[in-house]
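First up is the structure itself, then whatever we jot down about it.
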Amino acid sequence: LGAAQSGFVEEIGYELYTKLLNRTLRKMKGEAVEDEMDAEIKIPVPAFIPEEYVADSTLRMGLYKRLANIEKEEEIPLLKQELEDRFGKIPPPLQSLLQIIPIRLLAQHLKITEIHHQKGGFVLKFHSTTPLTPEALVALIQKNPREFQLKPPDKLICRTAQIDLLQEAWNTLKTLSNFI
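In this note's numbering, the protein residues as written are 48 to 227.
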């Protein structure tokens, strides 16, 4: 690599650099490359790796990177087991962080760009390429009129019990996935 590329790699990290490079090469070959989309998830629960659990900041940052790079739900139990083996019982804030990952993955699949908690439930914002058709959303609302309300052009209001916010966010997305 030249000086410019190696500086860029240092800035964004090797894994992201190789990911971007592979995407670019696939585009140059004429292969279809789907735009990556990461949902913005704003749910008011403590979700982090406590310093008391992983004291070394470099190691902690590496774990955050690994968590962010999980692409399949099946990877979560393996990482969870590794964390327990290396550091002991997983503390609640890290449990929450681990619960957010499948929510993020399902949101990506549904092409949901935002999940925001609000009093009484969640607001979901859809990307224009969501696999959920307007007809499917109407069917969802007709089946569950007390739980869902469409807010044009691209938002869905979801009312929940507000007991376990992460579980309710997951259940809401699973319900939506049944309408694809």
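From the three backbone atoms N, C-alpha and C, an ideal C-beta is built for every residue, glycine too. Since the structure is predicted, the reported quantities are computational estimates derived from the model, not experimental observations.
Local Cβ density within 10 Å of residue i, reported as buried at 16 or more and exposed below that
{"i": "V101", "result": "buried"}
{"i": "R73", "result": "exposed"}
{"i": "Q214", "result": "exposed"}
{"i": "Q165", "result": "exposed"}
{"i": "T219", "result": "buried"}
{"i": "I227", "result": "exposed"}
{"i": "K208", "result": "The sequence as given places Ala at residue 208; Lys does not occur at that position. Exposed, by the Cβ-count rule."}
{"i": "A51", "result": "With a pLDDT of only 48 at A51, under the threshold of 50, the placement of this residue in the model should not be trusted; the figure read from the coordinates follows. Burial call: exposed."}
{"i": "D211", "result": "exposed"}
Anticipated Cβ contact below 8 Å, residue i with residue j, distance rounded
{"i": "K172", "j": "K202", "result": "5 Å"}
{"i": "I150", "j": "A216", "result": "5 Å"}
{"i": "P140", "j": "F95", "result": "5 Å"}
{"i": "L152", "j": "S224", "result": "Going by Cβ atoms, the distance from L152 to S224 rounds to 11 Å, so no, they are not a contact pair."}
{"i": "L197", "j": "L184", "result": "6 Å"}
C-beta atoms of residue i and residue j nearer than 8 Å
{"i": "P97", "j": "S143", "result": "no"}
{"i": "K127", "j": "I137", "result": "yes"}
{"i": "T160", "j": "M84", "result": "yes"}
{"i": "H163", "j": "K89", "result": "yes"}
{"i": "A86", "j": "Q155", "result": "yes"}
{"i": "L110", "j": "I148", "result": "no"}
Any chance you could list the beta strand (DSSP E) runs of at least 3 consecutive residues sitting entirely within the segment 82-146, in chain order? 87-89
Complete alpha helix (DSSP H) runs within the segment 149-223 (minimum length 4 residues, chain order): 181-190
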